[in-house]
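Protein chains in written order, with my numbering: chain A, 98 to 470; chain B, 17 to 59.
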């Protein structure tokens, strides 16, 4: 009996706060249906790793450490495996029928670079600043990969921020888009001239992109390679069952492991720091300036184009797929119930997926070059 | 405020953002060529 009571004395206020955070993540997953496959295991894992004395020296700690070392820290297995599933989910046809949409994917990576400068100004060294800025890739696997490769000490906070903001895209983007556009601009209709794309093009696309990125930004080749491998499985037409497995079973399994492994980095002593709050704030700034960058480039292009673009589609260039495309489509319909932007915004959104990986590769290459390897 | 760290980061900011547009431009060019060639072949 004494032992049971003694265990209560090990509970600290920091643990209570972490239980609250874990509970909040579980609530968001179940009640608000925000990224439930990820936030639910993260929430449960947060409670699990913040139990008094229960974790240290137990089998749970051993399992979580093993998952972390093989899945994230050592071989970065989880983000790469997850990219096979994501690649198999993405239909690049809207992009292939209008490749120019990729400009917005590139433009909407502005938040990454803005945040890199801001984090540096706030005193984070180049490795940490770059790892924090990549939250703006709006792409969990890329954030994990870059932060791990650069050896950032803020991996836990970066992972939490990256995945939380992806789930919060429908709340973050609309006010920024409205601030950057006029009502008239939001009402611009865009005709969809979806040109048919040949099967040969759909098969060659993932191979060509892997080769280009592999040559130009070799640090991104693991990410883009696995993403495009998944897409090749989807498009080749002879691996339908494997494609379905990659899209569903594989992606779900990895997401479950990823969620609970991320949670293993959310121990109170490491997580409840001022830096965590600053990183979460910087992540939000990265998302805001991604949205700003995409919209503003579309507005600048409109100065020269005869057939105007609805600048809202630029905001879909962040790679949070498909939430961002849906947000833009919904906002278009709110302004004009006959304004269907979905195919354009989906095209921009999938290009954002590619551009965010390229951004991650370039950041890694540039930071390593600056620091001398 | 660390102006010295900002000065280190600014060239990376500029080169990186420009770099994305360059890589994207190469991909756009090749994809356009690819779709054009394959659509002709399909026709």
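All residues carry an ideal CB built from backbone N, CA and C; glycine is no exception.
For a quick check, are the C-beta atoms of residue i and residue j less than 8 Å apart?
i: residue 390 of chain A; j: residue 413 of chain A; result: no
i: residue 307 of chain A; j: residue 325 of chain A; result: yes
i: residue 369 of chain A; j: residue 114 of chain A; result: yes
i: residue 253 of chain A; j: residue 233 of chain A; result: no
i: residue 461 of chain A; j: residue 198 of chain A; result: no
i: residue 365 of chain A; j: residue 147 of chain A; result: yes
i: residue 382 of chain A; j: residue 258 of chain A; result: no
i: residue 54 of chain B; j: residue 373 of chain A; result: no
i: residue 422 of chain A; j: residue 442 of chain A; result: yes
i: residue 168 of chain A; j: residue 175 of chain A; result: yes
i: residue 134 of chain A; j: residue 352 of chain A; result: yes
i: residue 118 of chain A; j: residue 137 of chain A; result: no
i: residue 189 of chain A; j: residue 447 of chain A; result: yes
i: residue 19 of chain B; j: residue 203 of chain A; result: no
i: residue 177 of chain A; j: residue 319 of chain A; result: yes
i: residue 214 of chain A; j: residue 29 of chain B; result: yes
i: residue 425 of chain A; j: residue 440 of chain A; result: no
i: residue 173 of chain A; j: residue 239 of chain A; result: no
i: residue 455 of chain A; j: residue 39 of chain B; result: yes
i: residue 261 of chain A; j: residue 224 of chain A; result: no
i: residue 379 of chain A; j: residue 227 of chain A; result: no
i: residue 149 of chain A; j: residue 187 of chain A; result: no
i: residue 292 of chain A; j: residue 194 of chain A; result: yes
i: residue 205 of chain A; j: residue 411 of chain A; result: yes
i: residue 513 of chain A; j: residue 26 of chain B; result: Nothing about residue 513 of chain A can be reported from this structure: the residues present for chain A run from 98 to 470 only.
i: residue 327 of chain A; j: residue 180 of chain A; result: yes
How is residue i classed by DSSP in three states: helix, strand or coil?
i: residue 335 of chain A; result: coil
i: residue 189 of chain A; result: coil
i: residue 407 of chain A; result: coil
i: residue 295 of chain A; result: coil
i: residue 147 of chain A; result: coil
i: residue 302 of chain A; result: helix
i: residue 173 of chain A; result: coil
i: residue 202 of chain A; result: helix
i: residue 419 of chain A; result: coil
i: residue 387 of chain A; result: helix
i: residue 33 of chain B; result: helix
i: residue 276 of chain A; result: helix
i: residue 399 of chain A; result: helix
i: residue 469 of chain A; result: coil
i: residue 452 of chain A; result: helix
i: residue 463 of chain A; result: helix
i: residue 197 of chain A; result: helix
i: residue 158 of chain A; result: helix
i: residue 13 of chain B; result: In this structure chain B extends from 17 to 59, so residue 13 of chain B is not present and cannot be described.
i: residue 314 of chain A; result: coil
i: residue 141 of chain A; result: helix
i: residue 19 of chain B; result: helix
i: residue 164 of chain A; result: helix
Please compile the residues from chain B whose C-beta is within a distance smaller than 9 Å of the C-beta of residue i.
i: residue 220 of chain A; result: 17, 18, 21
i: residue 456 of chain A; result: 32, 33, 35, 36
i: residue 310 of chain A; result: 39, 43
i: residue 202 of chain A; result: 36, 40
i: residue 460 of chain A; result: 28, 32
i: residue 223 of chain A; result: 21, 24, 25, 28
i: residue 206 of chain A; result: 32, 33, 36
i: residue 371 of chain A; result: Correct list: empty, because the minimum Cβ distance to chain B is about 16 Å.
Taking Cβ-Cβ distances shorter than 8 Å, what residues in chain B pair up with residue i?
i: residue 217 of chain A; result: 18, 21, 22, 24, 25
i: residue 196 of chain A; result: 43, 44, 47, 48, 51
i: residue 405 of chain A; result: The premise fails here: residue 405 of chain A is roughly 20 Å from chain B at the closest Cβ pair, so nothing lies under 8 Å.
i: residue 135 of chain A; result: Those do not exist, as residue 135 of chain A stays about 27 Å from chain B at its closest Cβ, beyond 8 Å.
i: residue 452 of chain A; result: 36, 40
Within 7 Å: the Cβ of residue i and any heavy atom of the ligand ATP?
i: residue 411 of chain A; result: Inclusion of the ligand ATP in the displayed structure is not the case, the ligand content being empty and no account of it being possible.
In chain B, which residues lie less than 7 Å from residue i when you measure between Cβ atoms?
i: residue 443 of chain A; result: Ordered by position in chain B, no residue passes the 7 Å Cβ test against residue 443 of chain A, which lies about 16 Å from the chain.
i: residue 199 of chain A; result: 40, 43, 44
i: residue 422 of chain A; result: Simply none; closest approach about 18 Å.
i: residue 298 of chain A; result: 50, 51, 54
i: residue 375 of chain A; result: Result: empty, since nearest Cβ-Cβ is about 14 Å, beyond 7 Å.
i: residue 214 of chain A; result: 22, 25, 26, 29
i: residue 463 of chain A; result: 28, 31, 32
i: residue 226 of chain A; result: 25
i: residue 193 of chain A; result: 47, 51
May I have a chain-ordered list of the alpha helix (DSSP H) segments no shorter than 4 residues that lie completely inside the stretch 317–382 of chain A? Entirely contained in the stretch 317–382 of chain A, the alpha helix (DSSP H) runs reaching 4 residues are, in chain order, 318–332, 337–342, 348–360, 365–368.
Which runs of the alpha helix (DSSP H), 4 residues or longer, sit entirely within the stretch 105–137 of chain A? The stretch 105–137 of chain A contains these whole alpha helix (DSSP H) runs: 110–127.
Going residue by residue through the stretch 221–270 of chain A, where are the continuous alpha helix (DSSP H) segments of at least 4 residues, counting only ones entirely within it? If only uninterrupted alpha helix (DSSP H) runs of at least 4 residues are considered, those enclosed by the stretch 221–270 of chain A are 223–230, 237–246, 252–264.
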